[in-house]
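FYI, numbering that gives the first Met the number 0 numbers position 26 of the sequence shown as 25, with every residue one higher than the one before it.
Quick reminder that beta carbons are idealized off the backbone N, C-alpha and C, glycines included.
Nothing here was measured: the structure is a model prediction, and the numbers come from that model.
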Amino acid sequence: MTDQSERSGRPDGLRAELLEIALEAADRAGALLRDGRPADLGVAATKSSAVDVVTEMDIASEKLITGLLAERRPHDGVLGEEGASVEGTSGVQWVIDPLDGTVNYLYGLPSWAVSIAVRVDGETVVGVVHAPVRGETFRAVLGEGAFLNDRPARVRPAPELGLALVGTGFGYRAERRARQADVLRALIPEVRDIRRGGSAAIDLCDVAVGRLDAYYERGLNAWDYAAGDLVAREAGALTGGRPGEPLSPDLTIAAPPTLFEALQTRLDGLGAWHD
Numbered sequence: 000m001t002d003q004s005e006r007s008g009r010p011d012g013l014r015a016e017l018l019e020i021a022l023e024a025a026d027r028a029g030a031l032l033r034d035g036r037p038a039d040l041g042v043a044a045t046k047s048s049a050v051d052v053v054t055e056m057d058i059a060s061e062k063l064i065t066g067l068l069a070e071r072r073p074h075d076g077v078l079g080e081e082g083a084s085v086e087g088t089s090g091v092q093w094v095i096d097p098l099d100g101t102v103n104y105l106y107g108l109p110s111w112a113v114s115i116a117v118r119v120d121g122e123t124v125v126g127v128v129h130a131p132v133r134g135e136t137f138r139a140v141l142g143e144g145a146f147l148n149d150r151p152a153r154v155r156p157a158p159e160l161g162l163a164l165v166g167t168g169f170g171y172r173a174e175r176r177a178r179q180a181d182v183l184r185a186l187i188p189e190v191r192d193i194r195r196g197g198s199a200a201i202d203l204c205d206v207a208v209g210r211l212d213a214y215y216e217r218g219l220n221a222w223d224y225a226a227g228d229l230v231a232r233e234a235g236a237l238t239g240g241r242p243g244e245p246l247s248p249d250l251t252i253a254a255p256p257t258l259f260e261a262l263q264t265r266l267d268g269l270g271a272w273h274d
């Protein structure tokens, strides 16, 4: 049988090469962020609101990653949170969040990560989420399973919705936060409890290893979820948005089968996909 790499004309071993580069880039950026954090770290810019911040270290991390990619894979495309955008000519695109969980990082909280995904002809084939303070690297290659460090990752068996520990997150615009609070107010009596970690990439990976039963959030971008989505799916989770739709900025959901369907149906009924 002809495999995907042969059908597309791409050489064998491409995914292994991309994974190796992603791991190196994430490790180097993570070390920069962990060891180079200034004692007087401040806000370099804001994005969607005054509380949606960018630090000088977000920018430094992205420059490190894009510099390495330009050296190793100069013909690839790049989509980065802090402005890196290169079209590329190879059919390979790197989707990078150089510091996911910036507010956690700014305050000295440990839940932040470097998130790097790789798409080949539009399909995510590699995902790496490196959380240096936690000493954890999540990785996945399409069709080859997910791993936390060197241990296989697997979702927790799906509980009923009423027994599910559910992670979520909130946007930075006041109007969106208010709407998200309305959804949460309705949902919280119907689940075991809610957790808010502050890094979408880590939350998706925590579903992958059973630390959360499920996760949902509105307002994520591709760089927030691309790597964690692949890790979660390769660990046995289903992911998506509204019924019949892929995950998107409108809504991102991850959970094991059966729980996924129950949570998706409830969130759709609550209008979690709109402000």
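{"Item": "Can you tell me which of the three DSSP states Arg265 falls into?", "Value": "helix"}
{"Item": "Output the distance between the C-alpha atoms of Gly161 and Glu86, rounded to the nearest integer angstrom.", "Value": "45 Å"}
{"Item": "I need the straight-line Cα distance from Tyr171 to Gly76, nearest angstrom please.", "Value": "29 Å"}
{"Item": "If you follow the beta strand (DSSP E) that Ile115 is in, where does it begin and where does it stop?", "Value": "Ala112 to Val119"}
{"Item": "Taking the alpha-carbon positions, what's the Arg138 to Glu16 distance?", "Value": "14 Å"}
{"Item": "From His129 to Ser110, what does the alpha carbon distance come to, in whole angstroms?", "Value": "11 Å"}
{"Item": "Leu262 and Ala213: beta carbons closer than 7 Å?", "Value": "yes"}
{"Item": "Out of curiosity, what's the CA-to-CA distance linking Pro151 and Pro242?", "Value": "29 Å"}
{"Item": "Would you identify the three-state DSSP class for Arg194, choosing helix, strand or coil?", "Value": "strand"}
{"Item": "What is the DSSP secondary structure of Ser247, counted as helix, strand or coil?", "Value": "coil"}
{"Item": "Specify the secondary structure class of Leu203 as computed by DSSP and reduced to three states.", "Value": "helix"}
{"Item": "Quick one: is Asp274 buried, meaning 16 or more other Cβ sit within 10 Å of its Cβ, or exposed?", "Value": "exposed"}
{"Item": "Reducing DSSP to helix, strand and coil, say where Val77 ends up.", "Value": "strand"}
{"Item": "Rank Gly107, Gly168, Ser114 and Pro131 by C-alpha distance to the C-alpha of Pro248 and give the top, closest one.", "Value": "Gly168"}
{"Item": "Pull up the distance between the alpha-carbon of Trp272 and that of Val206, whole angstroms please.", "Value": "20 Å"}
{"Item": "Using 10 angstroms around the beta-carbon of Arg155, count the other beta-carbons present and answer buried if the total reaches 16, otherwise exposed.", "Value": "buried"}
{"Item": "Touch check for the stretch 219-236 and the stretch 95-112: three-plus C-beta pairs under 8 Å?", "Value": "yes"}
{"Item": "Tell me which same chain residues have a C-beta within less than 8 Å of the C-beta of Gly144, skipping the five on either side of it?", "Value": "Pro151, Ala152, Glu233 and Ala234"}
{"Item": "Do you know whose CA, among Ser114, Gly90 and Gly166, lies nearest Ala200's CA?", "Value": "Ser114"}
{"Item": "Restricting to Cα atoms, I'd like to know which of Glu61, Pro131, Asp223 and Ala231 is closest to Ala253.", "Value": "Ala231"}
{"Item": "At what residue ranges does the stretch 110-188 contain a whole run of the alpha helix (DSSP H), taking only runs of 4 or more?", "Value": "173-186"}
{"Item": "Locate the beta strand (DSSP E) running through Val94, then write down its first and last residues.", "Value": "Val91 to Asp99"}
{"Item": "Tell me, to the nearest whole angstrom, how far the beta carbon of Pro30 is from that of Ile64; I am working on the premise that it is less than 8 Å.", "Value": "Note that residue 30 is Ala in the sequence shown here, rather than Pro. About 12 Å; that fails the 8 Å criterion."}
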